[in-house]
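These notes are about the structure you will find just below.
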Amino acid sequence: QAQLSLLDKIFDTTVEGIVITDTNGKIEKINPAAQRILGYTPVEVIGENSRIFKSDRHDLPFYADLWGSLKEKGIWQGEIWDRRKNGELRPLQMTITSLFDSHRQANRFIGVFHDMTEVRTQEKKIHFQTYHDALTGLPNRHLFLDRLKIALRHCKKDRKLAVLMVDIDDFKQVNNSLGHTIGDLLLKQASVRIRECVREHDTVARQGGDDFILLLEDISDIAVATQTMERITESFQTPFSVNGKQFFLTVSAGIAIAPDDGTEGDTLVSNADLAMYRAKEKGKNTFSLFTRELNEKLNRRLELSNRLRHALENDEFVVYYQPKVDTRQEKVVGVEALVRWEPEPGTLIPPNEFIPLAEASGLIVPLGEQILRTACRQGVIWHKRGFSVSVAVNLSPRQFAEQTFLATVHDALLDSGLPPSLLELEITETLMMENEDLAIGLLWKLRNMGIRISVDDFGTGYSSLAYLKQLPIDILKIDRSFIKDLPGNPDDVILTATIINMADCLGLEVVAEGVETSEQLQFMDEHGCLLIQGYLFSPPLPADQITELLDKPGRWFREQIAAGRSMDIPYEKDAPCE
6 QAQLSLLDKI
16 FDTTVEGIVI
26 TDTNGKIEKI
36 NPAAQRILGY
46 TPVEVIGENS
56 RIFKSDRHDL
66 PFYADLWGSL
76 KEKGIWQGEI
86 WDRRKNGELR
96 PLQMTITSLF
106 DSHRQANRFI
116 GVFHDMTEVR
126 TQEKKIHFQT
136 YHDALTGLPN
146 RHLFLDRLKI
156 ALRHCKKDRK
166 LAVLMVDIDD
176 FKQVNNSLGH
186 TIGDLLLKQA
196 SVRIRECVRE
206 HDTVARQGGD
216 DFILLLEDIS
226 DIAVATQTME
236 RITESFQTPF
246 SVNGKQFFLT
256 VSAGIAIAPD
266 DGTEGDTLVS
276 NADLAMYRAK
286 EKGKNTFSLF
296 TRELNEKLNR
306 RLELSNRLRH
316 ALENDEFVVY
326 YQPKVDTRQE
336 KVVGVEALVR
346 WEPEPGTLIP
356 PNEFIPLAEA
366 SGLIVPLGEQ
376 ILRTACRQGV
386 IWHKRGFSVS
396 VAVNLSPRQF
406 AEQTFLATVH
416 DALLDSGLPP
426 SLLELEITET
436 LMMENEDLAI
446 GLLWKLRNMG
456 IRISVDDFGT
466 GYSSLAYLKQ
476 LPIDILKIDR
486 SFIKDLPGNP
496 DDVILTATII
506 NMADCLGLEV
516 VAEGVETSEQ
526 LQFMDEHGCL
536 LIQGYLFSPP
546 LPADQITELL
556 DKPGRWFREQ
566 IAAGRSMDIP
576 YEKDAPCE
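Read in order, the letters of the sequence shown correspond to residues 6 to 583 in the working numbering.
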């Protein structure tokens, strides 16, 4: 009796569901756990056949395997779907065991099971989190590449597929100025708009940050992809709204087509990414198709990346200098140091090709230090010859963020002997905005060392008067993009004149970059900008040729102005100056 009482307690209290039937499936007993899982009371099921729980999700071979296992082994284990009283289906992990009489004949079956619903829900949640973006709910890069791989495998010979890389323009500025909370809300809205612009079976994934990547399967031609991007671009023309405020966003995108632009997933994604950066270079808020020219550019980029480190070790970089002329004094009063890569004598690789690679690889830090030290040494040579010429050196964000930055500048001055007042460090507006607290502290320390600070490419970034008041800035350099259409472009006339007047009110010097014509020079003179840098006087030159210019008399400068052209030198006029 004690044993039976104990077994009854186990039967009634176990969390596992237990159902006992005869060999025909007639239910004889059901425990409380099974009642909770299946939703039936004992009165409703005892005497009924176990088929009452049948879900209709399993086929005949499934049941044949189940009964065959019970007959041969006396036991079956597996996952089975059963139907609750309310019609809801539940996955159950079940073990069915045969009970035998004294003659070894099966006379009952015991089904012991537990509900797998919560487990399956958690598994689905984990699976979703693994393959989807947490913020937008879109597929992530991993799932996208899986779908792309399958799509490429099943792509028909007469059909194509497209990979579109879509990037929200200048979104980093949104996060920096408004915070990541607003940024996340905008990203969620952007993802909805993009999704609404594609077909139901197309894939829109979030690659990370403000990058989205799209897969358009089974398309007839490139036009399907370009029309999709046109719809996306048009949808972004409507302002976004967050917390009652309106925001305007634009997108740049790159498109790669299979099999034309590649037959491997990684290749297509890389090519679409390259085309997207091409769209950025074209001015943003547009899209670009991958071309063979871009492929050659990619190969060139890879080649230069591999050669870059060795070039630094082999001392292949040289420093050129572009003069800054004071038009009232009619003489060179400063120079800007500009790096050139000379792998072989007489062969120059322009900076716009290798500087971005140096930035990405981190080599810009040792390269920048080399330029700084070279410029300081050259400045001392001119100083000892009696030329009071300042030397300006550009700073990259990577250099500026280095903990050893101040020590590097101090050592360059100390080792060369250049007076700090003759060193000018050029920073960009973007550098100031991205590293506001760091910039303020470091620039004041540089000022206390006696070094002059200039803001390069002024007017192209996002700085404000508040920053100009806080930072120890000495010089503003007007970007050449405002000067190239002077004096014919009314907008550039207003912008340039405003910058000059503002600098004058703040007690700052102004340098006009990219002055190439006497008309541009006349405009600058009329508006009080006396410091000129551009091809009208000279392109970037080696140090020895700059020395020749320093010896030029004032009459030579007047002749250059009268001629209205750059000096006759063996370098292309449109060679990169930065």
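Yeah, the Cβ is synthetic: ideal placement off N, Cα and C, and Gly gets one too.
Worksheet item: Are there three or more Cβ pairs, one per stretch, closer than 8 angstroms when the segment 166–184 is compared with the segment 135–148?
Response: Contact fails between the segment 166–184 and the segment 135–148, because fewer than three Cβ pairs, one in each stretch, are under 8 angstroms apart.
Fill in: Three-state secondary structure (DSSP) of D479
In the structure shown, D479 sits in coil (DSSP, three-state: anything other than H, G, I, E or B).
Item to complete: Leaving aside the five residues before and after Q375 along the sequence, list all residues of the same chain whose C-beta is less than 7 angstroms from its C-beta, in chain order.
Response: Cβ within range, chain order: F322.
Worksheet item: Mapping DSSP to helix, strand and coil, what is E347?
Response: For E347, the secondary structure class from DSSP, reduced to helix, strand or coil, is strand.
Worksheet item: Whose C-beta lies closer than 7 angstroms to the C-beta of N304 among residues of the same chain, with five residues either side of it excluded?
Response: Hits under 7 angstroms: none found.
Worksheet item: If you draw a straight line from the alpha carbon of D442 to that of Y282, how long is it in whole angstroms?
Response: The alpha-carbon atoms of D442 and Y282 are separated by roughly 30 angstroms.
Fill in: Rounded straight-line distance, which links the Cα of G73 to that of L104
The straight-line gap from Cα to Cα measures roughly 16 angstroms.
Worksheet entry | Spatial distance of C160 from D278 (CA atoms) | Each residue's CA atom was taken as its position, placing C160 and D278 some 22 angstroms apart.
Worksheet item: Pairing CB atoms from the segment 319–337 with CB atoms from the segment 531–545, are three or more of them under 8 angstroms?
Response: Contact holds between the segment 319–337 and the segment 531–545, because three or more Cβ pairs, one in each stretch, are under 8 angstroms apart.
Worksheet item: Residues in its own chain within less than 7 angstroms of P477 by CB, not counting five upstream and five downstream?
Response: Close CB contacts of P477 within its chain, under the 7 angstroms cut and outside five residues either way in sequence, are with L448, W449, R452 and I458 (chain order).
Fill in: Residue burial classification, K154 (beta-carbon count within 10 angstroms, cutoff 16)
K154 is exposed by the Cβ-count criterion.
Worksheet item: Under the three-state reduction of DSSP, which class applies to I360: helix, strand or coil?
Response: In the structure shown, I360 sits in a helix (DSSP, three-state: H, G or I).
Fill in: Straight-line gap, R236 to P144 (C-alpha atoms, nearest Å)
Between the alpha carbons of R236 and P144 lies a gap of roughly 21 angstroms.
Worksheet item: How many angstroms separate the CA atom of T102 from the CA atom of G22?
Response: Distance between the alpha carbons of T102 and G22 is about 14 angstroms.
Discussion item. According to DSSP, simplified to helix, strand and coil, what is F29?
Written reply: Reading off the sequence shown, one finds Asn at residue 29, where the question assumed Phe. Three-state result, N29: coil.
Worksheet item: Where are the alpha helix (DSSP H) runs, 4 residues long or more, that stay fully inside the segment 369–416, in chain order?
Response: If only uninterrupted alpha helix (DSSP H) runs of at least 4 residues are considered, those enclosed by the segment 369–416 are 369–389 and 402–406.
Item to complete: Kindly list the residues whose CB is nearer than 6 angstroms to the CB of T413, restricted to its own chain and excluding five residues on each side of it in sequence; keep chain order.
Response: Cβ contact annotation for T413 (same chain, cutoff 6 angstroms, sequence separation greater than five): E374, in chain order.
Discussion item. At the level of alpha carbons, what is the spacing between T352 and I199?
Written reply: Taking the straight line from one Cα to the other gives about 46 angstroms.
Discussion item. Below 8 angstroms on the Cβ atoms is my contact criterion, and I expect A342 with V398 to pass it. Report the Cβ-Cβ distance as a whole number of Å.
Written reply: About 5 angstroms; that satisfies the 8 angstroms criterion.
Discussion item. For P581 and P355, I'd like the C-alpha separation in whole angstroms.
Written reply: Residue confidence for P581 is low, a pLDDT of 34 falling below 50, so the modelled location carries little weight; the figure read from the coordinates is stated next. The straight-line gap separating the alpha-carbon atoms of P581 and P355 is approximately 6 angstroms.
Fill in: Member of L219, V124 and E239 whose CA lies at the smallest distance from the CA of E167
A small fix is needed here, since residue 167 is Ala in this sequence, not Glu. Of the listed residues, the one whose Cα sits closest to A167 is L219.
Worksheet item: Taking DSSP as the reference, what is the three-state secondary structure of V498?
Response: The answer is helix: DSSP assigns V498 an H, G or I state.
Item to complete: Grab me the residues of L423's own chain with a C-beta within less than 6 angstroms of its C-beta, minus the 5 sequence neighbours each way, in chain order.
Response: Answer for L423: C381, G384 and V385, listed in chain order.
Practice prompt. Closer than 7 angstroms by C-beta to A417: which residues in its own chain qualify, once you throw out the five before and the five after it? Chain order, please.
Written response: Excluding residues within five positions, the ones whose Cβ falls inside 7 angstroms are L377, R378 and C381.
Item to complete: Kindly indicate which three-state DSSP category F542 falls into: helix, strand or coil?
Response: The DSSP-derived three-state label of F542 is coil.
Worksheet item: Expressed to the nearest angstrom, what Euclidean distance is found between the alpha-carbon atoms of E583 and N357?
Response: In this predicted model, E583 has a pLDDT of only 43, less than 50, meaning its place in the structure is not dependable; the value taken from the coordinates is given anyway. Note on geometry: alpha-carbon atoms of E583 and N357 lie some 7 angstroms from one another.
Discussion item. If you reduce the DSSP assignment to three classes, tell me which class S257 lands in.
Written reply: Strand.
Item to complete: Taking all protein chains shown into account, decide if R95 is buried (16 or more other Cβ within 10 angstroms of its Cβ) or exposed.
Response: Buried.
Discussion item. Contact defined as beta carbons within less than 8 angstroms: I believe S55 pairs with I25. What is the distance between those atoms, to the nearest angstrom?
Written reply: Beta-carbon to beta-carbon, S55 and I25 are separated by about 10 angstroms, too far to satisfy the 8 angstroms threshold.
Item to complete: Flag this pair as yes or no: are the beta carbons of R164 and I262 separated by less than 8 angstroms?
Response: Not a contact, by the Cβ cut-off of 8 angstroms.
Practice prompt. Tell me whether the beta-carbon of A502 lies closer than 8 angstroms to the beta-carbon of H532.
Written response: Yes, the pair counts as a contact, with Cβ atoms nearer than the cut-off.
Worksheet entry | Close Cβ partners of S421 (< 8 angstroms) along its chain, the five nearest in sequence each way excluded | Cβ neighbours of S421 within its own chain (closer than 8 angstroms, five residues either side excluded): R378, C381, R382, G384 and V385.
Item to complete: Take the Cβ of C534 as the centre, count every other Cβ of all protein chains shown within 10 Å, and call the residue buried at 16 or more, exposed below.
Response: With 16 or more Cβ atoms within 10 Å of its Cβ, C534 is classed as buried.
Practice prompt. Spatial neighbours of Q251 within its chain, please: CB distance less than 8 angstroms, with the 5 preceding and 5 following residues excluded, ordered by chain position.
Written response: Closer than 8 angstroms at the Cβ level, and outside the excluded window around Q251, lie P244 and F245.
Item to complete: Would you list the one or two residues that DSSP bridges to D120?
Response: Looking at the DSSP assignment, D120 forms a beta bridge with L97.
Item to complete: Evaluate K482 with the Cβ neighbour count: other Cβ atoms within 10 Å of its Cβ, from every protein chain shown; 16 or more gives buried, anything less gives exposed.
Response: K482 comes out buried.
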